[in-house]
Amino acid sequence: MNTFVGEAYDQVREMCIFLLNGLALPPDKALAVYVQSPGSPFVYCGAVTVSRPSAVLPLPWPEPGGDAAAGGAGAGGQPLQLTSPGAAPLSAKIGVSVEDLGALPSLDAAAGRRIERMAMRVGENLFNFMQSFCGVDGSKLVVPTDILDRWFNKFQERAKRDPDYLKGFAL
């Protein structure tokens, strides 16, 4: 599978890729995964190697028509039209390539950004919870001594009740 046909390709947010037991990939090589929206360049998503034989990779689809900063807009702010009216829609692509491990961006860079983003969201959740119990003593904010326990218990209970709750922090 290397092509998704249809306009809802950007709804595919993750993909799982893995090396089968019988696959012999040299230790200095990797299977790199790229995505491409219609009219855009390929964007690197991550890779698997012999030492990391499986991964669930986020698929950061670029804006159709090129640069994400341009927003895919043409002259006058109108949506960029990549085909003639009535033509079949262009396909988005997922590319898989065997590449030198040293030539790829760090495999952990994307994971590090996701972890940092998740930590920031959990921290914001804690801060917002604490604010609702804050008092002011001069120039200091005062919170109950058991505030972290209360927040963590609430956090755990919500995660148990709603399986998608934690996914909201990871996106």
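Everything in the sequence shown is counted per this note's numbering, starting at 204 for the first residue and increasing by one. We treat Cβ as the ideally placed atom computed from N, Cα and C, and that holds for glycine. Since the structure is predicted, the reported quantities are computational estimates derived from the model, not experimental observations.
Span of the beta strand (DSSP E) around residue i
{"i": "Glu360", "result": "No beta strand (DSSP E) contains Glu360, which is instead part of the alpha helix (DSSP H) from 350–364."}
{"i": "Tyr247", "result": "246–251"}
{"i": "Ser300", "result": "295–303"}
{"i": "Asp340", "result": "338–340"}
{"i": "Glu210", "result": "Glu210 -> no beta strand (DSSP E), and no H or E assigned at all."}
{"i": "Glu217", "result": "217–221"}
Where residue i falls, given that 16 or more other Cβ within 10 Å makes a residue buried
{"i": "Thr348", "result": "exposed"}
{"i": "Ser257", "result": "exposed"}
{"i": "Val301", "result": "exposed"}
{"i": "Ala250", "result": "buried"}
{"i": "Tyr212", "result": "buried"}
DSSP three-state assignment for residue i, whether helix, strand or coil
{"i": "Leu260", "result": "strand"}
{"i": "Leu234", "result": "strand"}
{"i": "Glu319", "result": "helix"}
{"i": "Leu329", "result": "helix"}
{"i": "Leu226", "result": "coil"}
{"i": "Leu344", "result": "strand"}
Neighbour flag for residue i against chain D, beta carbons, 9 Å
{"i": "Met218", "result": "Included in the structure is just one protein chain, with no chain D present."}
Integer-rounded CB distance, given that residue j should sit under 8 Å from residue i
{"i": "Gly298", "j": "Pro267", "result": "The Cβ separation is near 17 Å, so there is no contact."}
{"i": "Pro261", "j": "Cys248", "result": "7 Å"}
{"i": "Trp264", "j": "Val236", "result": "Trp264 to Val236, Cβ: 13 Å. No contact."}
{"i": "Val325", "j": "Phe336", "result": "Between Phe336 and Val325 the Cβ distance is about 18 Å, and since that is not below 8 Å, they are no contact."}
C-beta atoms of residue i and residue j nearer than 9 Å
{"i": "Met321", "j": "Val259", "result": "no"}
{"i": "Ala362", "j": "Asp303", "result": "no"}
{"i": "Trp354", "j": "Met323", "result": "no"}
{"i": "Gly315", "j": "Asp231", "result": "no"}
{"i": "Ser240", "j": "Ala295", "result": "yes"}
{"i": "Leu222", "j": "Val253", "result": "yes"}
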